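Chains as they are written, first to last, in the working numbering: chain A, 1 to 990; chain B, 991 to 1410. All residues carry an ideal CB built from backbone N, CA and C; glycine is no exception. Remember, it's a predicted structure, so these values are computed and weren't measured experimentally. Note sheet for the following structure.
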Amino acid sequence: MKKFVFLLFSFVYLHTNAQETFPVNGPYNSQMQFDAFVNATIQVDEQTKVSNATLIIKNGKIEKVGINLIPPAGANIHDMKGRYIYPAFVELCSGSVTTPKNQHTNKADLPFLSSKLGAYYWNEAIKPEVHAVNYFTSDEKHSAYLRACGFGSVLAHVDDGIYRGTAVLATTGNAANEHELIIKEKAASVLSFKKGNSSQDYPSSMMGTVALLRQTYYDARWYGNQTTEKNLSLQAFNEQQALPQIFIANHKLNVFRADKIADEFNINYIIKGAGDEYQRISEIKATKAPLIVPVNFPKPYEVSDPYDADFISLGDLKHWEMAPSNLSALYAAQIECAITADGCKDAATFLKNLRKAYKNGATSQQLLRSLTTIPARLIKMDQQLGAIKPGMMANLIITNGDLFNEETQILSVWTKGVKHTVENLSETKLAGTYQIQMGNNETLQLKAKTKDGKQVYQIISGNDTMQAQVQLAQLVSITYPVSKSNSFTQQLTAYVLKLDSSNYPYTIQSLQGEVVLQNGSRVACNIKLVAPYVDEKVLPVEKKNQGTGKVLYPFTEYGYEDLKVAETVLFKNATVWTNEKEGIMSEADVAIKEGKIIAVGKNITLPGAKIIDATGKHLTTGIIDEHSHIAITQGVNEGTQAITSEVRIGDAVNSEDINIYRQLAGGVVAAQLLHGSANPIGGQSALIKLRWGLPPEQMKIEGADGFIKFALGENVKQSNWGDRATIRYPQTRMGVEQMMMDGFTRARQYELELKRNPNIRKDLELEALLEILQSKRFISCHSYVQSEINMLMHLADSFGFRVNTFTHILEGYKIADKMKKHGVYASTFADWWAYKYEVIDAIPFNAAILNKVGVLTAVNSDDAEMGRRLNQEAAKIVKYGGLSEEEAWKMVSLNPAKMLHLDTRMGSVKVGKDADIVLWNNHPLSIYAQPEYTYVDGRCLYSKEQDVLLRASIQKERMRIIAAMQAAKASGEKAEQHVSETDPNYHCED
Amino acid sequence: MKNKLLISLLVLVTTRLFAQQIPVIIQDGMFHLGNGRVMENGFLVMLEGKIAFIGKELPAFYKNAKVIDAKGKHIYPGFICMNTYVGLNEIDAVRATRDYQEVGLFNPNARALIAYNTDSKIIPTVRYNGITHVQAVPQGGVISGSSSVMKTTGWNWEDAAVLADEGIHLNWPEHYIQTGWWAEPGEVQKNKTREQVDAIADFFRESKRYASVRNPEKANLRYEAMKGVFNGNKNVYVHINSAKGILSAIQFFKYYPEIKWVLVGASDAWKVADLIKENNIPVVLSQLHRLPNANAEDIDMPFKLPYLLMQKGIQVAIGHSGSWESRNVMFNAGTAAANGLGKEQALMCITSIPAQIMGLKDVGTLEQGKQASVIISEGDALDMRTNKMAWMFINGEEVDNKNQQVELYEKYMNKYGLKP
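Written out as structure tokens, the structure reads:
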């Protein structure tokens, strides 16, 4: 009993600790921090749990932990019976530090210049000079949230920019000033793909962001080896490279993007993901990067209106179901990951979701590791944080049970040995049925139980059951009506006699007190527990299987459950459009194996092959789209500068764009993904095969030559961007020539300087231009009118290289002879015109004329929809200009293959070439033709029969999950409105 | 003169100044009648701008007749492209050439035919593939204006107009717009929809009140232009794509049983096809060569949509938004043909059904007594592989099917010493 009273007092005890150097108003109130926790269940680290243990902490540090320790004299002794002590969690990602209002002034109204004053980097989004510690102030609201989640320390950074500078490590304590909170001033650097508040236009796209970051690394290397320039940003950058580097990626494909930068510069990023890693787990593992993973699982979506539900993608529906098993998938793949509360709007959500992860297959040991030792080790603080071991910081969580039990509450979090109450629970509780024996021989019953997290009390008097009010303070007071017919409330006040301390809060066993009766008299009473409380809920945590759905590759509609493998197939009796000297062969066979065409001819046999009867059908090589903007994420243009040859579409490939599948269904197997046409020299292309199901890097065609987008005319001079877009150079075709001339002139000088000194600053923009001059990179130039086409050929001649392709080239027919002489290729639309002034003379006969003059000509799409009907666009060249059907067909197959320098492996049905095969149900140039099979590298990535199955499974899966969401909503979960993001459909004009 | 002008504007133009005098006989070939039927190897006689005869046996001797041997060729009624702004603009990006959108929200009185530029360089390229008639439609706002059916030939708009001011175009508010801007759907968006529907309801109520008075005290051109809507002389074309929008439009027009209305766009129509059928609403699909509305949709949903709707018994026309792009409307029909509909049904979607929907009584089929708008293609005209006009007649007059693009083609082939 004595112990009990003492315990109550200990809660009132306040820790205050003033700073050593600070003056004090009045007498100093120095306190000794010295605490001993006895009878506790202590989770020393994720592996070791000790029952009945003692923990001694002093002056913010852990002194001793173990069993049979005698609490030292002078320590506050806390009886922890029924309670658990965990090392406090370590948060790496949800801390944010606000900088004072930015003090930039605009030097010029040119949005491509930095507005930041001082000797800093040219681009405002690169700010390694920002040290969060300089701006760090105690944010009690956020700290309280983190403590309620169980975090004792947090890494906080300034949440702005691409290279964000250093993060400060602090406790989540509630201190009067910041001095006590800071653990380490510069504990890590933080990077992201978000430009933030920078007033500069550049970068506006994902690929621009990657390019800027790469250039920064190169600039920093150079900076370290020179003495002429002082740049505070680059200096700070170099100084912090030894720190852990945390990259906020926030999307599974961004994890790969960050990892690619890491590989280039030999850095080990700690990458913060989005919790969607299970969707590409093997590639995530292959990055070998440690991850920081959120547990912000989606709420069920509002799906009661079926028309609204149509706006939710299958991927989002499935993610709702599968997100809680993300951690268990990561653990199964042995991927090292820390857990962040980032994205959880309150602590209850965080804890609920942790427990969901536990139910979905993660073990408590794994989860604890991800919350303590892993994050501590990732920021090299594992000697101080993440476990309860002597010498470590006294950051603790105290709970009333196993953390992964849904009933368990975090009672307090201790930081540097200072207690912060989280749940102010009463020490004691009434639970079960009590008999109240009164001095006047009256007997009542008190029933106490928990309902929906609240205590409910009932008094039973005779046949009446009534609500009672109970106050649990130092004394227990109970008020209740006398009977149903008599509303007079009697009051009973009692003290506790006996407690059961096996669970916390302790259950009261017996009490003794007095009742004030209606007539004013008082009688003594004895209260005894007669039947203990039985929880109606099932206490043991029920582990369930991972979601019943399966991961799709890619994780979207029409994704496959398994990755497709190269098949061995023999197509029999097809009309084969070879694109070779054999021409169109009738009743011919084609055999493919291991991704290659192994035989073309008559009466071929291939034991073990799958035989496809192609009688009456047409077999062609797959369509190649010379000009495509599908499968690109977060911007097709980095149009913020006139020359952006440093950016690469390859950094922004989106392997999950539904248009990949749709185009497979149109017989397309490969495409050049081009930068847009917003500037004279755009970015580098990505040449991909439509390998539906594989991640971005594996879509790229191995060993393909490098290409780059150039553009001329109205788009680059911003003619149709509105009257305000009149500032950026160039505004005329004259200026376009000069921009290009200047770029190549600078590239030549760069080449000379490189020869003199290979250690000059690596300039990614000039490197790409130099590659063009050295015929290692090839131009595909957006172009319309003859004057500008002529110009670029002259320019190329004067620099000694050949323009590879004019794309669009709608006035090519006017200058076909000159094009032939230069040796440039033409890739055009079949019949587009009249959408802007410079296409006023565009004619659908263009391709035919160019071809007849002898210019290698292709027909392209520049459009996700037209891309799936390119065979029909080729057919228009027969209609307009009377080209032979075979020649027309080559315009979407062999000719683009040649333009893209892929014709040694693609573009015709020839032994040894890639098994990119389309089997059509009709003449391939006919509007009635539809692919029955599309093979890419021997993998059947589209077929009519598969498609039918996929459609059915999409609907079935949608309906299954929608039903589950309805059920979740019915069971009390809050549903939220949701509209899925759609894949953007880019065109050149964007 | 003034009277004559008014008549030609408001009613069907039936008389022509220079009607065709010499009979033209098309013989042999495959006659696609536009009503779902074909006739192989027969005769079609055009006289005085009309189809004087069509059938297997030539009944009479036509003096001085011009005979066209169409053996191996395909003969169709001229194609009609609904929902275009052909003639109303020249170069999309050049503001000075755009004449399809007026200022303000309710512009039923803005009349497309006034802006229809018969000298547009685009019109001959549209005609080139077999289009003889277009529905020229104003754009934008809530009520964009009044559309007219125009021939793809004509000296001036008056001459080209076949059916003046045949309908008004109402842009029904969408419940959801799938853009990043509206990434978070919520109250604001829904309220907006309701406000817009309320505004439409107000306008219709006021228009009807105005129409009910013989001589309104205060004249109002907007309401004046709506009169025809309430007496059945003008269609209301309701442009809407989403299923929910279609449902809310159906509900709205329940209050106006006297109005003849037509769904335009209607890319979600398959979701609510039974209700569209039940309410007997014709549908003008605006573009088949487009992407599905959602990732989960069947990838060929736009292609097979005409089939899905016609299977239910819904009247479907295939139109094409834009101006120059509409020259591909017959290939949209070809796509429908390849995706369940079959060629003759698909042909109806760009010939007889548009004529029926717009109330063009004497075009759209190859039948005796109809206007002689007849096209003859070297091959299947719904397939770009074989679409090639050999002869075209509009109101019996042979059309010189040249255009700027052909001229440039010939000019530059000559430059290179090649034979066009």
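Interface residues of chain B facing residue i [CB-CB closer than 9 Å]
{"i": "Phe555 of chain A", "result": "What Phe555 of chain A touches in chain B: nothing, since even the nearest Cβ is about 12 Å away."}
Residues bridged to residue i [DSSP beta-bridge criterion]
{"i": "His493 of chain A", "result": "One point to set straight first is that residue 493 of chain A is Thr, not His, in the sequence displayed. The partner list for Thr493 of chain A (beta bridge, DSSP) reads A:Ser477 and A:Glu514."}
{"i": "Gly1157 of chain B", "result": "B:Ser1137 and B:Asn1225"}
{"i": "Trp1314 of chain B", "result": "According to DSSP, Trp1314 of chain B bridges with nothing at all."}
{"i": "Ala897 of chain A", "result": "Paired residues: none, contrary to the question."}
{"i": "Phe806 of chain A", "result": "A:Cys781 and A:Ala826"}
{"i": "Gln984 of chain B", "result": "Any answer about residue 984 of chain B is impossible in this case: the structure gives chain B only from 991 up to 1410."}
{"i": "Gly95 of chain A", "result": "A:Ala156"}
{"i": "Lys1151 of chain B", "result": "Before going further, note that residue 1151 of chain B is Ala rather than Lys in the sequence given. Looking at the DSSP assignment, Ala1151 of chain B forms a beta bridge with B:Met1140."}
{"i": "Ala524 of chain A", "result": "A:Glu514"}
{"i": "Val1460 of chain B", "result": "With chain B covering 991 to 1410 only, the question about residue 1460 of chain B has no answer from this structure."}
Amino acids of chain A, ordered along the chain, whose beta-carbon sits closer than 8 Å to that of residue i
{"i": "Ser1313 of chain B", "result": "Ala834"}
{"i": "Gly1324 of chain B", "result": "Ile927 and Tyr928"}
Proximal residues to residue i (C-beta, below 7 Å), its chain only, five neighbours per side dropped
{"i": "Arg748 of chain A", "result": "Leu773"}
{"i": "Ser412 of chain A", "result": "Ile398, Lys419, His420, Thr421 and Val422"}
{"i": "Tyr217 of chain A", "result": "Phe265"}
{"i": "Met553 of chain A", "result": "In the sequence as displayed, the identity of residue 553 of chain A is Tyr instead of Met. The residues are Gly559, Tyr560, Leu563 and Gly693."}
{"i": "Glu406 of chain A", "result": "Arg355"}
Spatial neighbours of residue i in its chain, beta-carbon cut-off 8 Å, leaving aside the 5 residues before and after
{"i": "Gln33 of chain A", "result": "His15, Asn17, Ile57, Lys58, Asn59, Gly60, Gly417 and Val418"}
{"i": "Gly118 of chain A", "result": "Leu232"}
Partner residues on chain A for residue i, Cβ-Cβ distance less than 7 Å
{"i": "Leu1372 of chain B", "result": "Ile927"}
{"i": "Asn1377 of chain B", "result": "Lys879"}
{"i": "Met1403 of chain B", "result": "Ile849"}
{"i": "Leu1398 of chain B", "result": "Asp841 and Ile843"}
Three-state class that DSSP yields for residue i in the structure shown
{"i": "Gly1045 of chain B", "result": "strand"}
{"i": "His1165 of chain B", "result": "coil"}
{"i": "Glu1387 of chain B", "result": "strand"}
{"i": "Phe1242 of chain B", "result": "helix"}
{"i": "Asp1188 of chain B", "result": "helix"}
{"i": "Val1396 of chain B", "result": "helix"}
{"i": "Arg355 of chain A", "result": "helix"}
{"i": "Ala1060 of chain A", "result": "Residue 1060 of chain A cannot be examined here, being either before or after the span of chain A that is shown, 1 to 990."}
Neighbouring residues, chain B, relative to residue i (Cβ below 7 Å)
{"i": "Pro844 of chain A", "result": "Gln1395"}
{"i": "Val853 of chain A", "result": "Tyr1406"}
{"i": "Ala125 of chain A", "result": "Under the 7 Å cutoff, chain B gives no residues; its nearest Cβ is about 21 Å from Ala125 of chain A."}
Chain A contact residues for residue i, given Cβ-Cβ distances below 9 Å
{"i": "Ile1412 of chain B", "result": "One cannot answer for residue 1412 of chain B here, as it falls past the ends of chain B, which runs 991 to 1410."}
{"i": "Ile1112 of chain B", "result": "Trp833 and Ala834"}
Listed by chain order, chain B residues near residue i by CB distance under 8 Å
{"i": "Tyr28 of chain A", "result": "Per Cβ cutoff of 8 Å: no residues; Tyr28 of chain A is ~54 Å from chain B at best."}
{"i": "Ala875 of chain A", "result": "Asp1373, Met1374 and Arg1375"}
{"i": "Leu314 of chain A", "result": "Asn1285 and Ala1286"}
Cβ shell of residue i (< 6 Å), same chain only, five flanking positions each side left out
{"i": "Thr1376 of chain B", "result": "Gly1369 and Asp1370"}
{"i": "Ala1042 of chain B", "result": "Val1035"}
{"i": "Asn1393 of chain B", "result": "Pro1114, Thr1115 and Tyr1118"}
{"i": "Met456 of chain A", "result": "The sequence as given places Val at residue 456 of chain A; Met does not occur at that position. Only Lys449 meet the Cβ criterion."}
(message) If the cut-off is 7 Å on Cβ atoms, which residues from the segment 1279 to 1299 of chain B count as contacting chain E, listed in chain order?
(response) In the structure shown, chain E cannot be found, because the protein chains are A and B.
(message) Please list, in chain order, the residues of the segment 913 to 934 of chain A that have any C-beta partner in chain B closer than 9 Å.
(response) Asn922, His923, Leu925, Ser926, Ile927, Tyr928, Ala929 and Gln930
(request) Please name the residues in the segment 355 to 369 of chain A whose beta-carbon is closer than 7 Å to at least one beta-carbon of chain B, in chain order. (result) none
(request) For the segment 792 to 825 of chain A, enumerate the residues whose C-beta is nearer than 7 Å to any C-beta of chain B, in chain order. (result) Tyr813, Lys814, Ala816 and Asp817
(request) Could you name the residues of the segment 951 to 984 of chain A whose beta carbon sits closer than 7 Å to any beta carbon of chain B, in the order they occur along the chain? (result) Arg951, Ile954, Arg958, Gln977, Val979, Glu981 and Thr982
(request) Pull out every residue of the segment 287 to 308 of chain A whose Cβ sits closer than 7 Å to any Cβ of chain B, in chain order. (result) Tyr307
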